[in-house]
Amino acid sequence: MTRNMLIVDEMHPSIFEMLTSIGWVFDYRPELSRDDIKKIVAGYSGLMIRSKTRVDHDLLGDNPS
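One rule links them: number in this note's numbering = place in the sequence shown (from 1) + 19.
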(Lines of atoms letter the chains of each structure in order from A and count residues from 1; the text may use other names and numbers.)
(Lines give C-alpha, C1' and ligand atoms only; values in the text may rest on other atoms or scores of the structure.)
Protein backbone atom coordinates (compact mmCIF):
# COMPACT_ATOMS: atom_id res chain seq x y z
CA MET A 1 0.00 0.00 0.00
CA THR A 2 1.42 3.37 -1.03
CA ARG A 3 1.31 6.07 1.61
CA ASN A 4 0.90 9.27 -0.37
CA MET A 5 1.04 12.72 1.19
CA LEU A 6 -0.18 16.03 -0.19
CA ILE A 7 1.97 18.92 1.06
CA VAL A 8 0.19 22.23 0.53
CA ASP A 9 2.27 24.75 2.50
CA GLU A 10 5.91 25.83 2.21
CA MET A 11 8.20 23.36 4.00
CA HIS A 12 11.88 23.25 4.82
CA PRO A 13 13.67 21.06 2.21
CA SER A 14 14.84 18.61 4.89
CA ILE A 15 11.27 17.26 5.22
CA PHE A 16 11.40 15.59 1.80
CA GLU A 17 14.29 13.24 2.60
CA MET A 18 12.72 12.41 5.95
CA LEU A 19 9.37 11.52 4.37
CA THR A 20 11.03 9.38 1.71
CA SER A 21 13.12 7.55 4.31
CA ILE A 22 10.00 6.48 6.21
CA GLY A 23 8.13 5.31 3.13
CA TRP A 24 5.98 8.26 2.12
CA VAL A 25 5.50 9.37 -1.48
CA PHE A 26 4.53 13.02 -1.66
CA ASP A 27 3.30 15.77 -3.95
CA TYR A 28 4.71 19.15 -2.95
CA ARG A 29 2.08 21.67 -4.07
CA PRO A 30 2.32 24.87 -2.00
CA GLU A 31 0.82 26.86 -4.86
CA LEU A 32 -2.59 25.19 -4.57
CA SER A 33 -5.57 27.27 -3.59
CA ARG A 34 -8.07 26.03 -1.02
CA ASP A 35 -10.51 25.14 -3.79
CA ASP A 36 -7.81 23.14 -5.59
CA ILE A 37 -6.98 21.25 -2.40
CA LYS A 38 -10.66 20.40 -1.85
CA LYS A 39 -10.82 18.86 -5.33
CA ILE A 40 -7.90 16.46 -4.85
CA VAL A 41 -7.35 15.81 -1.12
CA ALA A 42 -9.48 12.66 -1.06
CA GLY A 43 -6.90 10.93 -3.25
CA TYR A 44 -4.22 11.11 -0.53
CA SER A 45 -3.46 9.20 2.65
CA GLY A 46 -2.04 12.27 4.39
CA LEU A 47 -2.11 16.05 4.29
CA MET A 48 0.78 18.19 5.53
CA ILE A 49 0.21 21.85 6.33
CA ARG A 50 1.80 24.58 8.40
CA SER A 51 -0.30 27.68 8.96
CA LYS A 52 -1.41 28.89 5.51
CA THR A 53 -4.13 26.29 5.12
CA ARG A 54 -6.97 25.86 7.59
CA VAL A 55 -8.10 22.26 7.83
CA ASP A 56 -11.77 21.79 8.62
CA HIS A 57 -14.69 19.58 7.60
CA ASP A 58 -15.24 21.65 4.47
CA LEU A 59 -11.67 21.17 3.21
CA LEU A 60 -11.72 17.44 3.83
CA GLY A 61 -15.19 16.93 2.35
CA ASP A 62 -16.34 15.51 5.67
CA ASN A 63 -19.90 16.14 6.75
CA PRO A 64 -20.18 15.97 10.54
CA SER A 65 -23.37 14.49 11.88
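The C-beta atom is built at its ideal place from N, Cα and C for all residues, glycine as well. For clarity, every value in this text was computed on a predicted model and none was experimentally measured.
Asked                                                                                                     : Found
Touch test, the region 50 to 61 against the region 32 to 42, Cβ-Cβ under 8 angstroms, three pairs minimum : no
For I41, the nearest candidate out of P32, R22 and M30 (CA to CA)                                         : R22
D81 to S64 span [Cα, whole Å]                                                                             : 15 angstroms
Sub-7 angstroms separation of L66 and L25 beta-carbons                                                    : yes
Same chain, Cβ closer than 6 angstroms to F45, neighbours up to 5 away in sequence not counted            : M24, I26 and L38
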